[in-house]
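Here the structure comes first, spelled out in structure tokens, and everything after it is commentary.
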Amino acid sequence: MSTSDLSPVGLIGHLTVATQGDDGPGEAVFRIRGGTEAFIARSPEPLRRGQQVVCTGEIGPRTVEVAPWGERLDSLLRL
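Residues in the sequence shown are numbered consecutively from -17, following this note's numbering.
Okay, here's the thing in structure tokens:
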């Protein structure tokens, strides 16, 4: 197993629990290490449950930073 298999950074997942921005974390699920794992997810702005996200960083062993994924691309495809 390579070190890239151990880190969720750069992976696309989705929120199973909405994030509240500065008011609290949510939960994100990613496919990693041959399975699916849940992580505590933090984001600067609130994100809705079901939102597709990309992991942008690790805060701790089971806590990650996430950002929205897909909305900007979807809007470009409508042009």
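Note that the Cβ used here is the ideal one computed from N, Cα and C, for glycine as well.
The model shown is predicted, which means the values in this text are computed figures rather than measured ones.
Item                                                                                                        : Value
Grouping DSSP H, G and I as helix and E and B as strand, with all else coil, what is Gly39?                 : strand
Based on the DSSP secondary-structure assignment, which residues constitute the bridge partners of Leu(-3)? : Ala10
State the beta-bridge partners of Gly17 as determined by DSSP.                                              : Ile14
List the endpoints of the continuous beta strand (DSSP E) containing Pro50.                                 : 45 to 50
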